[in-house]
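As structure tokens, the structure follows; a few thoughts come after it.
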Amino acid sequence: MKKIGILTLVVLLLTCGCGKTDVTKVKSDFESKVTKAKSYSLTGTMEIMNNEDTFVYTVEASFLKDDYYKVRLINQTNNHEQVILKNTDGVYVVTPSLNKSFKFQSEWPNNSSQSYLLASLLSDVKNDAESTLEETDNNYVIKANVNYPNNNELVYEKIYFDKDMNLEKVEVFNNDDIVKIKVNIKSLDLKAGLEEDDFVLNDLIDQDCCNTNTCENDKENTCENNKTPDKKTGSINDIIYPLFIPSETYLTSKEVLDTEEGDRVILTYSGNKNFVLVEEQATSSTDFEIIPVYGDPLLLNDSVAALQANSIYWTSNNMEYYLTGNDLSNEELLSIATSLTNADVVTSSQIEK
């Protein structure tokens, strides 16, 4: 009888799990919430850590079933706004202040992890058979591997829920267990009632720039004025040089061209890894401009970049950058680009004309 009693106690302990919530149930609850949501609206902040620098965005993400996405990213330092839009026509990265957009031939967001999209988080959890659950006094925390094909530094994430399974936070880590991306969820409406009309490209083109608070202190600085290029104001006082350069590669040419819209700087690097870097003042287009891209949108510290084979384009601090080099791997391409967006460590030199 004593043995039977012990066996019964063991069975009961195994059944109840010693008061711990089963990882399968938490994952199942998360999957149920995501798959049942016909549309949702998420708001929060996102921090990107790069060495000693932290880039902070306001994030507004919207989703409608059948693959409609709209992600509004506003840099909190300079109010630079970009919108990633996906609808039946394609994938776009729109910069309203410049009246420009890239149109991508891309599988975004399904081809990489996205820490602010629910379907992406769920995909990470489901694709990692060894994902784990930690239960604290206030949270459930799922740990799962991530898929960032253009950034091998990012290896796993922690997804935080409260005890009612409300999403609170996402942290993405590198191999040294250092947080590189953090998304704090401010609100999440899983019954947002969105429609296809909420994912129209023209609505992003025509919206008032004051919605981004860039005109808060200057009501006379209208969008119409912002969208009219002021020729010959694109004067560059400093050339910005990349902090990272591949080994046995050197600056061999520096050329400054005087174009109708202002200065254009062309830096040529030669040696083990040949590449060209073009810098010019960002100017807005009079007519809305759509630039076709065969690549992917990529979050690059303080901007959403257009990444193609052996080249990358982005806007940062009112400057446009184009970097290309057939000898560069994606990792080298991104290392050069991120070293240019780091304002605290980049070197600069006055242009000699």
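Using the working numbering, read the sequence shown as starting at 13 and increasing by one per residue. Backbone N, C-alpha and C fix where the C-beta goes; we use that ideal spot for every residue, glycine too.
Here the C-alpha atom of Asp275 lies approximately 32 angstroms from the C-alpha atom of Val83. Assigned with DSSP and collapsed to three states, Val212 falls in coil, not helix or strand.
Bounds of the beta strand (DSSP E) holding Val106 are 102 to 107. The C-beta of Gln94 has 16 or more other C-beta atoms within 10 Å across all chains shown, which makes the residue buried. Taking C-beta atoms as the reference points, Val167 and Glu183 fail to come closer than 9 angstroms. If you look at Glu43, you'll find it in the alpha helix (DSSP H) that goes 35 to 48. In the three-state reduction of the DSSP assignment, Glu165 falls in the coil class, being assigned neither a helical nor a strand state. Within the stretch 67 to 133, the complete beta strand (DSSP E) runs of at least 3 residues fall at 80 to 87, 93 to 99, 102 to 107, 112 to 116. Here the alpha carbons of Asp65 and Val153 stand approximately 27 angstroms from one another. Tyr104 counts as buried, since no fewer than 16 other beta carbons sit within 10 angstroms of its beta carbon.
The alpha-carbon separation between Glu146 and Val158 amounts to approximately 18 angstroms.
Its Cα nearest to that of Asp215, the residue Ile96 stands out among Thr264, Ile96, Thr148. Excluding sequence positions up to five before and after Asn286, its CB lies within less than 7 angstroms of the CB of Gly337, Asp339, all in the same chain and listed in chain order.
If you draw a straight line from the Cα of Asp140 to the Cα of Val277, it is about 46 angstroms long.
The C-alpha of Asn342 is placed about 7 angstroms away from the C-alpha of Asn162. For Ala73 and Thr264, the gap between their C-alpha atoms comes out near 44 angstroms.
Remark: C-beta atoms of Ile86 and Thr70 approach each other more closely than 9 angstroms. Excluding residues up to 5 positions away in sequence, Leu97, Asn99, Asp101, Tyr104, Val106, Ser113 lie with their Cβ nearer than 8 angstroms to the Cβ of Leu213 in the same chain. Glu169 and Ile193 have their C-alpha atoms spaced approximately 9 angstroms apart. Counting of Cβ neighbours within 10 angstroms places Thr144 among the exposed residues, the total staying below 16. Annotation for Ile197: the continuous beta strand (DSSP E) segment containing it runs 191 to 201. Per DSSP, the unbroken beta strand (DSSP E) holding Thr264 starts and ends at 261 to 271. The bridge partners DSSP lists for Ser347 come to none. Proximity to Leu206 across Tyr81, Thr271, Val38 peaks at Tyr81, based on C-alpha coordinates. Between the stretch 173 to 180 and the stretch 38 to 55 there are three or more inter-stretch CB-CB distances shorter than 8 angstroms, so the stretches are counted as touching. The alpha-carbon of Lys203 is positioned some 14 angstroms away from that of Thr55. The three-state reading of DSSP puts Thr353 in helix, counting H, G and I together.
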